[in-house]
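K.L.:
After the structure tokens below, expect a handful of questions from me.
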Amino acid sequence: MTTQSELRDLGLFDARVPRYTSYPPANHFSEATDPELTAQWLSAVPVKGRVSLYVHIPYCRRLCWFCACRTQGTSTNRPLVPYLEQVAKEFAIVDQYLPKDVRVSHIHLGGGTPTILDPELIEQLGSIVNTFRPKDDDLEFSVEIDPTEVDQARIDALRNIGMTRASIGVQDFDPLVQNSIGREQSYEDTRNVVNMLRAAGVTSLNMDILYGLPHQTRARLTDSVQKVLSLSPDRVALYGYAHVPWMAKRQVMIPSEALPHAEDRLKLFETARKLFVWDGYEEIGIDHYARPEDSLAIAARQGTMRRNFQGYTEDSAEVLIGFGASAISRYPQGYAQNHSTSSRYAAAIEAGSLATARGHAMTRDDLLRGAMIDDLMCQFELDTEALAHRFGTTQLAIFDMTESLRHRFADYIDVKGSKIRLIKDARLIARLAAQEIDAYLMPDGRHSRAM
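So for the sequence shown, this note's numbering puts the first residue at 385; every next one is plus one.
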């Protein structure tokens with residue numbers, strides 16, 4: 385592995401770079417994308433095409449301080465009933481524009497806390513998504529689950545509506561770390577929920593864990609990772625904590641003086657990475673680990689893995705339709721994001737309109753650069769010949785677009801024939817490499833650290 389000194393000279397420890405779950409990054413979205421344009425994109429979905437559905441539940445019983453998601457707290461179920469009514473109306477509005485014979489390949493319930501819904505509301509939401517369009521026989525239905533906000537009745541209800549994969553946020557099991565991020569969640573509670581999920585027939589299990597949290601040490605993280613491994617998830621996401629209090633105001637509650645420095649973050653990452661690899665997990669992209677038989681690991685080996693707002697995915701659908709406040713949709717023509725606040729979202733839906741507030745219409749250059757960044761983030765490789773054929777351009781033109789990449793990372797890449805491949809520390813530098821393809825300006829301080 386490259387020395388810390390070499391990585392420091394490369395700028396890894398100082399850089400702030402997009403996570404590239406979209407291109408362009410969402411901070412470049414504008415109000416030029418409106419409900420009328422979204423309606424056109426929905427109508428243009430190919431007959432008999434495949435789509436994925438994402439439903440955002442923006443409510444939580446507690447607002448964890450580390451979280452930068454669009455969420456709001458509620459101590460009662462009072463806002464949940466009207467919110468689901470609005471989601472149902474949004475499905476009806478989308479139904480007016482989307483061709484009738486498309487099929488659903490993936491469903492994802494995210495948040496927020498989807499398991500804040502009681503069993504009756506879960507069944508109601510299930511009816512909404514399951515009757516919207518025909519589903520693929522191998523449909524994946526994933527749900528984000530908070531072990532502190534779920535019980536057997538909710539798990540049974542989720543299984544009844546079709547959940548096939550559960551995703552559990554762990555972050556860290558150490559009590560001191562949990563206290564510093566406002567997220568108390570014991571290993572015992574998490575283990576009990578895992579056992580309930582498996583007893584209910586949900587065999588596909590994801591877990592998220594964070595490095596770079598306050599008071600984290602290699603010993604504490606090692607203990608947390610070993611506890612995660614004892615639960616034997618099918619895949620794990622090892623995310624770097626993004627401290628962006630100028631965007632996520634609740635993060636001011638986190639003691640910044642207790643955050644590890646960038647070079648210590650690298651040590652934490654390497655500690656966790658080695659533990660997952662030693663336990664038989666395959667390294668997937670920059671920050672995922674999966675059992676060899678997991679569908680994401682298979683997609684990574686076959687070169688079909690992609691990147692979206694949830695991270696890495698094996699979903700091959702070209703269209704992702706987001707429902708709910710702040711949800712983002714992806715179409716071949718661009719991105720459309722709903723109003724972020726539940727009040728503005730509700731007002732748009734009650735007026736009978738799509739809730740699009742902003743987005744981005746893709747240019748030919750956007751599509752090409754987005755595909756290049758996706759390839760770098762997923763396979764650590766660019767095939768200039770394949771890209772030229774796909775986008776109707778020349779290999780020379782694409783090669784010219786990589787000039788700054790090849791210059792800056794001359795010691796980290798290998799160029800053979802039509803292939804440009806990251807060959808050293810690819811998982812550490814992929815975001816930095818992708819930035820060299822990015823044609824958009826990077827506002828100072830707008831993104832999380834590259835490491």
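We put the beta carbon where it would ideally sit given N, CA and C, even for glycine.
Using DSSP bridges, identify the partner residues of Asp522.
P.N.:
By one-based count along the sequence shown, residue 522 stands at place 138. Partner(s): none; Asp522 has no beta bridge.
K.L.:
Using only the alpha-carbon positions, how far apart do Thr548 and Gln721 sit?
P.N.:
Taking the sequence shown and counting its residues from 1, one reaches residue 548 at position 164. Taking the sequence shown and counting its residues from 1, one reaches residue 721 at position 337. Distance between the alpha carbons of Thr548 and Gln721 is about 27 Å.
K.L.:
Does DSSP put Thr655 in a helix, in a strand, or in coil?
P.N.:
On the sequence shown, position 271 is the one that residue 655 refers to. Here Thr655 sits in helix by DSSP.
K.L.:
Secondary structure at Ala621, three-state DSSP: helix, strand or coil?
P.N.:
In the sequence shown, the residue the question calls residue 621 occupies position 237. Strand at Ala621.
K.L.:
Comparing C-alpha positions only, which one of Thr422, Ala794, Lys519 sits nearest to Ile477?
P.N.:
As a working note, residue 477 is residue 93 in the sequence shown. The residue with the shortest Cα to Cα distance from Ile477 is Thr422.
K.L.:
Checking 7 Å against the spacing of the C-beta atoms, do Tyr729 and Trp425 come in under that value?
P.N.:
In the sequence shown, residue 729 corresponds to position 345, counting from 1. In the sequence shown, residue 425 corresponds to position 41, counting from 1. Not in contact: Tyr729 and Trp425 (Cβ atoms no closer than 7 Å).
K.L.:
If you drop the 5 nearest sequence neighbours on each side, which residues of the same chain put their C-beta closer than 6 Å to that of Ile821?
P.N.:
Numbered from 1 along the sequence shown, position 437 holds the residue referred to as residue 821. The residues are Arg753, Met756, Ile757.
K.L.:
Quick one, are the C-beta atoms of Val527 and Pro503 less than 7 Å apart?
P.N.:
The residue given as residue 527 occupies position 143 in the sequence shown. The residue given as residue 503 occupies position 119 in the sequence shown. For Val527 and Pro503, no; Cβs fall outside 7 Å.
K.L.:
So within the segment 712-760, which uninterrupted beta strand (DSSP E) runs reach at least 3 residues, ignoring any that extend past its ends?
P.N.:
Runs of the beta strand (DSSP E) inside the segment 712-760: 712-715, 718-722, 740-745.
K.L.:
Assign Asp618 to one of two classes, buried (16 or more other C-beta atoms within 10 Å of its C-beta) or exposed (fewer than that).
P.N.:
Residue numbering aside, residue 618 sits at position 234 when the sequence shown is read from its first letter. It counts as buried.
K.L.:
When burial is assigned at 16 or more other CB atoms within 10 Å of the CB, is Val578 buried or exposed?
P.N.:
Sequence index remark: in the sequence shown, residue 578 carries index 194 (1-based). Its Cβ being crowded by 16 or more others within 10 Å, Val578 is buried.
K.L.:
Can you find the residues in the same chain that come closer than 7 Å, C-beta to C-beta, to Lys651, ignoring five residues on each side of it along the sequence?
P.N.:
Mapped onto the sequence shown, residue 651 falls at position 267. If we look at Lys651 and ignore the five residues flanking it on each side, its Cβ neighbours are Arg602.
K.L.:
Considering only their Cβ atoms, is the gap separating Leu597 from Ile565 smaller than 7 Å?
P.N.:
Your numbering for residue 565 matches position 181 in the sequence shown. Your numbering for residue 597 matches position 213 in the sequence shown. Their beta carbons are under 7 Å apart, which means Ile565 touches Leu597 by this criterion.
K.L.:
Tell me the residue span of the beta strand (DSSP E) that contains Glu666.
P.N.:
Against the sequence shown, residue 666 aligns to sequence position 282. Taken as a continuous stretch (DSSP letters only), the beta strand (DSSP E) holding Glu666 covers 666-668.
K.L.:
Starting from Leu501, follow the alpha helix (DSSP H) in both directions and report where the run begins and ends.
P.N.:
Looking up residue 501 in the sequence shown gives position 117. Unbroken run through Leu501: none, as it is neither H nor E.
K.L.:
Is it true that the CB of Tyr481 sits closer than 7 Å to the CB of Ser436?
P.N.:
One-based indexing of the sequence shown puts residue 436 at position 52. One-based indexing of the sequence shown puts residue 481 at position 97. The answer is no: Cβ separation not under 7 Å.
K.L.:
Is it buried or exposed for Asp749, if we count other Cβ within 10 angstroms and need 16 for buried?
P.N.:
Counting from one through the sequence shown, the residue named residue 749 turns up at place 365. Asp749 is exposed by the Cβ-count criterion.
K.L.:
Would you grab the beta carbon distance between Ile670 and Arg811 for me? Rounded to a whole angstrom, and I think it's under 8 Å.
P.N.:
As a working note, residue 670 is residue 286 in the sequence shown. As a working note, residue 811 is residue 427 in the sequence shown. So it is a contact: roughly 5 Å between Cβ atoms.
K.L.:
Helix, strand or coil for Phe783, going by three-state DSSP, please let me know.
P.N.:
Working through the sequence shown from its first residue, we reach residue 783 at position 399. Here Phe783 sits in helix by DSSP.
K.L.:
Less than 6 Å between C-beta atoms, sequence neighbours within five positions excluded: which residues of the same chain meet that for Leu447?
P.N.:
Looking up residue 447 in the sequence shown gives position 63. These residues qualify, in order along the chain: Gly457, Arg634.
K.L.:
So what's Ala550 in DSSP terms, helix, strand or just coil?
P.N.:
To locate residue 550, count along the sequence shown from 1; it is residue 166. Strand.
K.L.:
Is there a C-beta anywhere in chain C that falls below 7 Å from the one on Thr548?
P.N.:
This model lacks chain C altogether; it includes just one protein chain.
K.L.:
Going by DSSP, which residues form a beta bridge with Tyr696?
P.N.:
Here residue 696 refers to the residue found at position 312 of the sequence shown. Paired residues: Arg691.
K.L.:
With Phe707 as the anchor, note down where its beta strand (DSSP E) starts and where it stops.
P.N.:
Your numbering for residue 707 matches position 323 in the sequence shown. It spans 703-707 - the beta strand (DSSP E) in which Phe707 sits, taken as one unbroken run.
K.L.:
Return the bridge partner residues of Thr590 from the DSSP annotation.
P.N.:
The residue given as residue 590 occupies position 206 in the sequence shown. It is Asn, not Thr, that sits at residue 590 in the sequence shown. Partner(s): Ser551, Arg619.
K.L.:
So, Arg805 versus Glu765, is the Cβ gap smaller than 7 Å?
P.N.:
Indexing the sequence shown from 1 puts residue 805 at position 421. Indexing the sequence shown from 1 puts residue 765 at position 381. Against a cut-off of 7 Å, the Cβ pair of Glu765 and Arg805 comes out as a contact.
K.L.:
Go ahead and pull the three-state DSSP assignment for Cys762.
P.N.:
For the purposes of this step, residue 762 is taken as the residue at position 378 of the sequence shown. Helix.
K.L.:
So, are the CB atoms of Ser406 and Arg742 less than 7 Å apart?
P.N.:
As a first step, residue 406 is located in the sequence shown; it is residue number 22 there, counting from the start. As a first step, residue 742 is located in the sequence shown; it is residue number 358 there, counting from the start. Not in contact: Ser406 and Arg742 (Cβ atoms no closer than 7 Å).
K.L.:
Can you find at least 3 beta carbon pairs, one from the segment 690-702 and one from the segment 635-650, that sit closer than 8 Å?
P.N.:
The segment 690-702 vs the segment 635-650: no contact.
K.L.:
Taking just the CA atoms, how far does Arg691 sit from Asp767?
P.N.:
Your numbering for residue 767 matches position 383 in the sequence shown. Your numbering for residue 691 matches position 307 in the sequence shown. For Asp767 and Arg691, the distance between alpha carbons rounds to 18 Å.
K.L.:
By the DSSP assignment, the alpha helix (DSSP H) with Leu421 in it spans what residues?
P.N.:
Residue 421 sits at position 37 when you count from the first residue of the sequence shown. Where Leu421 is concerned, the enclosing alpha helix (DSSP H) stretches over 419-427.
K.L.:
Any contact of the segment 464-478 with the segment 553-560, i.e. 3+ C-beta pairs under 8 Å?
P.N.:
Touching, no, given that fewer than three Cβ pairs across the two stretches are closer than 8 Å.
K.L.:
Give every residue of the same chain whose Cβ lies closer than 8 Å to the Cβ of Leu760, excluding the five residues on either side of it in the sequence, and list them in chain order.
P.N.:
One-based indexing of the sequence shown puts residue 760 at position 376. Hits under 8 Å: Leu766, Leu806, Ala814, Ala817, Ala818, Ile821.
K.L.:
Considering Ile638, what are the terminal residues of the alpha helix (DSSP H) in which it resides?
P.N.:
For the purposes of this step, residue 638 is taken as residue 254 along the sequence shown, with counting starting at 1. Element bounds for Ile638: n/a, residue is neither H nor E.
K.L.:
Quick one: give me the first and last residue of the beta strand (DSSP E) that Arg487 is part of.
P.N.:
One-based indexing of the sequence shown puts residue 487 at position 103. From DSSP, the beta strand (DSSP E) with Arg487 extends over 487-495.
K.L.:
Across which residues does DSSP place Glu677 in a beta bridge pair?
P.N.:
Locating residue 677 in the sequence shown gives position 293, counting from the first residue. Per DSSP, none; premise fails for Glu677.
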